[in-house]
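Colleague: Residue numbers (full-length UniProt numbering), protein chains in the order written: chain A, 1 to 281; chain B, 1 to 281.
1. To which residues of the same chain is residue 141 of chain B closer than 7 Å at the C-beta, ignoring the five residues directly before and after it?
2. Within 10 angstroms of its Cβ, does residue 107 of chain B collect 16 or more other Cβ (buried), or is it exposed?
3. To the nearest whole angstrom, what separates the beta carbons of residue 283 of chain A and residue 161 of chain A, a pair I think is in contact under 8 Å?
4. If contact means a Cβ-Cβ distance below 7 Å, which residues of the segment 208-236 of chain A contact chain B?
5. If I follow the unbroken beta strand (DSSP E) through residue 228 of chain B, where does it start and stop?
6. Around the C-beta of residue 189 of chain B, are 16 or more other C-beta atoms found within 10 angstroms, so that it is buried, or is it exposed?
7. Taking the alpha-carbon positions, what's the residue 120 of chain A to residue 29 of chain A distance?
8. Between residue 32 of chain B and residue 124 of chain A, what straight-line distance do the alpha-carbon atoms span, to the nearest angstrom?
9. Buried or exposed: residue 183 of chain B, going by 16 or more other Cβ atoms within 10 Å of its Cβ?
10. What three-state label does DSSP hand residue 278 of chain B in the structure shown?
11. Residues of chain B with CB closer than 9 Å to the CB of residue 185 of chain A, please, in chain order.
12. Can you tell me where the alpha helix (DSSP H) holding residue 209 of chain B begins and where it ends?
13. Starting from the C-beta of residue 15 of chain A, find all residues in its chain whose C-beta is less than 7 Å away, skip the five residues before and the five after it, and write them out in chain order.
14. From residue 44 of chain B to residue 224 of chain A, what distance separates their C-alpha atoms?
15. For residue 122 of chain B, return the contacting residues in chain D, with the cut-off set at a CB-CB distance below 7 Å.
16. Please specify which runs of the alpha helix (DSSP H), each continuous and at least 4 residues long, are wholly inside the segment 29-81 of chain B, giving them in chain order.
17. Evaluate contact between the segment 163-177 of chain A and the segment 192-211 of chain A, counting only Cβ atoms and requiring at least three cross-stretch pairs below 8 Å.
18. Which chain A residues sit within Cβ distance under 7 Å of residue 147 of chain B?
19. Between the segment 70-87 of chain A and chain B, which residues of the former have CB atoms less than 7 Å from a CB of the latter, in chain order?
20. Residue 156 of chain A lies in the alpha helix (DSSP H); which residues open and close that run?
21. Output needed in chain order: residues of the segment 115-139 of chain A with a Cβ under 8 Å from some Cβ in chain B.
22. Could you tell me how far apart the beta carbons of residue 27 of chain A and residue 51 of chain A are, in whole angstroms, since I believe they sit closer than 8 Å?
23. Need the endpoints of the alpha helix (DSSP H) that residue 238 of chain B sits in, please.
24. Compare the beta carbon distance of residue 5 of chain A and residue 63 of chain B with 7 Å and say whether it is the shorter of the two.
25. Alpha carbon to alpha carbon, what distance is there between residue 90 of chain A and residue 113 of chain A?
26. Does DSSP classify residue 141 of chain B as helix, strand or coil?
27. Could you check whether the Cβ of residue 150 of chain B sits closer than 6 Å to any heavy atom belonging to the ligand ZN?
28. Which residues in chain A have a C-beta closer than 8 Å to the C-beta of residue 8 of chain B? List them in chain order.
29. Taking CB distances under 7 Å as the criterion, tell me whether residue 301 of chain A reaches chain B.
30. What three-state label does DSSP hand residue 19 of chain B in the structure shown?
31. Here's a check: name, in chain order, each residue in its chain whose Cβ is nearer than 8 Å to the Cβ of residue 56 of chain A, leaving out the five neighbours to either side.
32. In chain B, which residues lie with their C-beta within 7 Å of the C-beta of residue 305 of chain A?
33. Going by alpha carbons, who is nearest to residue 199 of chain A out of A:171, A:219 and A:218?
34. If we call anything under 7 Å between Cβ atoms a contact, is residue 77 of chain A one with residue 41 of chain B?
35. Could you name the residues that DSSP lists as bridge partners for residue 83 of chain A?
36. Considering only residues of the same chain and omitting the five flanking positions on each side of residue 219 of chain A, which have a CB-CB separation below 6 Å?
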């Protein structure tokens, strides 16, 4: 049954915002600002950072030294001219008055803005996040409980298949190789390409996808795409990753293996107790 | 060790965009558009829907009937006047030319826009999403593999603690009750409130948080907050949910219970085989 409209409420629209080569103004250089810098660099943006050098967090300093995408001004926010050619504004300063002023200027100019710790001055919030290569996951409790968001994030991290980020990366590469081999936009070929990629993702598990390298991809395309089928990993000489994962001590007792072992031992104990017990009859 | 800036690349900025009482223009009424309507209603936005009634998806029709937040125009996109007082634009139509035109108009007006299936005409993407009350989770593969995003979403759904959404809701209520009891913004009291909430979230598991009701919250505040400690669920007469979860047939064989049971049976079989086997010696 389709969901009822009555339950659609109280949330946000979760978005993957694109910032490649856009400019983000970050006001403030402390702890929160350093997290913002990381989030924004991940999206390949340019950053203009405005903050007195006396208040810079060690991580902010590190990013300033290491990244060539940050233009740094050792001063306070100077006024509306700081907003010229800016695509997004993030402030993380203690001055509530100044923060609200910056927010108002941004809204006048329709520049998306987030003011740390002042929800009404935010067009958007940052949730709790996981990143593994091109795979990104956000957990938002819509302001109800940032702590629970973190707890749930950790549970998701634990449950996430090992190498999930790598698998995403490899599938992206495989898709590009397929597009080079069978080029063209839309139409029947496009649909066949999409179907084959979906079939591969369904048939292979994440570990095997992550283990793909250039040679294996070529073999998969030769023996799979060209023959209109989906070979198994072992059919094209793969499956290495699966073995190493099973042998890895860190994963061998995780997931269902530990309860399996406990159950097995309990089963032995119970049966032995019954069979070895002195018979009363 | 802090992460290296060199690894910060190829991603998006994941955001929880706020749309409460804002207006979103949706152009198109098909399958994709119906999904957009749901996403946007969740965020308590108003929708202006522009689409000929001949092409409406059944879900779109359903939402139109059930929601009083959608203003519907049975026609095609008419021109720039359709963008007046609009805070976000989502298009999902087959006409690529028209889509690009709408995108250009939006960018001129600095209105955030997403054009389905034309990545360069998108300021943001929608990832694969999970929603449970105020808890929202987005999985983005940054366009590398929507299929893998879905597979990973299902794995996360399976791993998510039961009642996680309810727990988030209840913790939000508890925080509001605490704020009423000990009001004030910032300062020492604000810090103490935050610390106590964090301690509760750390000490209680998700099932127990989800089982909180008004009475239990009051007891938790009386015996916990007022006495500067964190009682256990059983100390305030809770723990019901935990029992019902264990007894629930739908959850009793999920997680680690199934391997435990399989292990137990295997243990019985193995021990019985050994003990009941005819002795050779």
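Built from N, CA and C at the ideal position, the CB exists for glycine as well.
Modeller: The answer reads as follows:
1. 148 and 149
2. exposed
3. One cannot answer for residue 283 of chain A here, as it falls past the ends of chain A, which runs 1 to 281.
4. none
5. Looking at the DSSP string, residue 228 of chain B is not in any beta strand (DSSP E), and its letter there is neither H nor E.
6. exposed
7. 22 Å
8. 23 Å
9. exposed
10. Because residue 278 of chain B sits at a pLDDT of 49, beneath the cut-off of 50, its placement in the model cannot be relied upon, and the following sentence gives the value as read from the coordinates. Three-state DSSP puts residue 278 of chain B in coil, outside helix and strand.
11. Result: empty, since nearest Cβ-Cβ is about 10 Å, beyond 9 Å.
12. 206-210
13. none
14. 46 Å
15. Looking for chain D here will not work: the only protein chains present are A and B.
16. 31-42 and 58-66
17. yes
18. 197, 198 and 201
19. none
20. 146-159
21. 122, 123, 124, 125, 126, 127, 129, 131, 133, 134, 135, 136, 137, 138 and 139
22. 7 Å
23. Here residue 238 of chain B belongs to no alpha helix (DSSP H), and DSSP marks it neither H nor E.
24. yes
25. 6 Å
26. coil
27. In the structure shown, the ligand ZN is absent, as is every other ligand, since no ligand is present at all.
28. 38, 41, 42 and 67
29. Residue 301 of chain A is absent from the structure shown; chain A starts at 1 and stops at 281.
30. coil
31. 29, 30 and 64
32. Here chain A comprises residues numbered 1 to 281, so residue 305 of chain A is not present and cannot be evaluated.
33. A:171
34. no
35. None, per the DSSP bridge assignment.
36. 236
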